[in-house]
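Visitor: In our numbering, the protein residues as written are 30 to 272.
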Amino acid sequence: MLRNSYIHIPSVSYGTEKKIWDSGIDSWDSFDTSKLNLPKLKKNHLKKFVDLSIESLDKGNYSFFSSLLPRQEHWRCFNDFSKIAYLDIETTGLSKEHDDITMIGVYDGSKVKTFINGKNLGSFKKYISNFPMIVTFNGSCFDLPFISSKFNMKFDQLHIDLRFASKKLGYSGGLKNIEKQCNLKRSDETDGLDGFEAVRLWHRYLKGDDASLKLLTKYNSEDVINLEALGHIVYDGLKEKTF
C-alpha cells in the first residue's frame, strides 16, 4: 500500500491522493505527470517526492516515511519493511510516574524476546533500535509513553497502533475482545487472564513464585504473537477499504 500512497507528500490531501488514483496512477512506478490535471508546479512537486519516496524505500529509510505520513496512515507501510517489532508491556499499574515496567515482550515474526525487570530489562533500548516499525495495541496511549518515560528515550520508528487501526474496520473493545472477533486463539493457561491478573502474577513472583513469572511470560508472549495475526487482518481490511 505504501507504493500506492501519496498522502505523505507535503501539501497532498486525501482528495488530491484520490484524484491521482482516479487519473489511473495507482503506484509510484506508474507515476506520469501528463495524466494529471494539475498546475505544472504541483506536478513537479509530486514528481520530486515520488522519486524521493522510491529512493528512501529502496534504502530502507523508514524515518522519511515516519516523519511525513500521518500517524493514522502508518499502517500503509506494514508490508514494506521486513523487520517489525510486535510489542507489549506489563506494568505494576497505569501511572508511568509511579508504577514500573515489569516486562516487555517483542515478537519479530519468528521468535519472542522477553525483557524482565531485575534481569535483562536494561538491554531493551538497544534491541528495539534495530526495528524500523513497531506494532502495538493501544501503544500510542500507554506502552510507548510508558517506555519513553522509564528509559528516557524517543521512538522515531513507524508505529501502527492496532487499537485505532482496527476501529476503522468496526472492531471495538480491548485486544482480547477483538481477538475473539477475529477468531484468534489463546492457550488454556492464559485464556481469561487480563492486565489486573498480570499485576498479581508479578507480585507473586516477587514473593518467590517462579511459576507465576512463567505464566506471566506466556501471557505476554501470546499478546505479541497475536498482534502479528491481527496486524495482517487489519492491513488487508484497510487496504481494501482505502484503495
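Heads up, the beta-carbon is just placed ideally off N, CA and C, and yes, glycines get one too.
This one's a predicted model, so the numbers in the text were calculated from it and none came from an experiment.
Could you pull out every unbroken beta strand (DSSP E) segment of at least 3 residues lying fully inside the region 171-220, listed in chain order?
Guide: 187-190
Visitor: Report back the beta-carbon spacing between residue 107 and residue 91 to the nearest angstrom; my notes put them in contact at under 8 Å.
Guide: Wrong, their Cβ atoms sit about 12 Å apart, outside the cutoff.
Visitor: Could you pull out every residue in the same chain whose Cβ sits closer than 8 Å to the Cβ of residue 137, ignoring the five residues on either side in sequence?
Guide: 112, 113, 114, 115 and 160
Visitor: Does DSSP put residue 115 in a helix, a strand or coil?
Guide: strand
Visitor: Quick one: grab the DSSP three-state call for residue 134.
Guide: strand
Visitor: What residues in its chain sit with their C-beta under 7 Å from that of residue 193, if we drop five residues either side in the sequence?
Guide: 101
Visitor: Okay, do the region 233-242 and the region 181-201 touch, 3+ Cβ pairs below 8 Å being the bar?
Guide: The region 233-242 vs the region 181-201: no contact.
Visitor: DSSP state of residue 144, grouped into three classes?
Guide: strand
Visitor: With DSSP as the reference, label residue 45 as helix, strand or coil.
Guide: Three-state DSSP puts residue 45 in a helix.
Visitor: Report, in whole angstroms, the separation of the C-beta atoms of residue 75 and residue 36, which I expect to be a contact under 8 Å.
Guide: Their Cβ separation, rounded to whole angstroms, is 12 Å, which puts residue 75 and residue 36 out of contact at 8 Å.
Visitor: Over the uninterrupted alpha helix (DSSP H) stretch that includes residue 271, give me the two end residues.
Guide: 239-271
Visitor: Below 6 Å CB to CB, which residues in the same chain sit around residue 122 once its five sequence neighbours on both sides are set aside?
Guide: Around residue 122: 128.
Visitor: To the nearest angstrom, how far is the alpha carbon of residue 119 from that of residue 133?
Guide: If you draw a straight line from the Cα of residue 119 to the Cα of residue 133, it comes to about 6 Å.
Visitor: Beta-carbon separation of residue 104 and residue 207 under 9 Å?
Guide: no
Visitor: So residue 204 packs on residue 252, CB below 8 Å; how close in whole Å?
Guide: 7 Å
Visitor: Go to residue 163, then tell me how far its beta strand (DSSP E) extends in each direction, as first and last residue.
Guide: Here the beta strand (DSSP E) through residue 163 covers 162-165.
Visitor: Based on Cα-Cα distance, which residue from 209, 230, 187 and 242 lies nearest to residue 95?
Guide: Looking at 209, 230, 187 and 242, the one whose alpha-carbon comes closest to that of residue 95 is 187.
Visitor: When the Cα atoms are used, what is the spatial distance from residue 254 to residue 267?
Guide: 21 Å
Visitor: Does DSSP put residue 120 in a helix, a strand or coil?
Guide: strand
Visitor: Look at the Cβ atom of residue 98, then the Cβ atom of residue 56, and state whether they are nearer than 9 Å.
Guide: no
Visitor: Just to confirm the assignment, what range does the alpha helix (DSSP H) spanning residue 82 have?
Guide: 69-87
Visitor: Quick check: the Cα distance between residue 197 and residue 209, rounded to an integer number of angstroms?
Guide: 17 Å
Visitor: Answer yes or no: do residue 141 and residue 260 have a C-beta to C-beta separation smaller than 9 Å?
Guide: no
Visitor: Less than 8 Å between the CB atoms is what I'm expecting for residue 130 and residue 146, so what's the real figure, rounded?
Guide: That belief holds up - the Cβ atoms of residue 130 and residue 146 are roughly 6 Å apart, short of 8 Å.
Visitor: For a test of the three-state rule: what should DSSP assign to residue 157, helix, strand or coil?
Guide: helix
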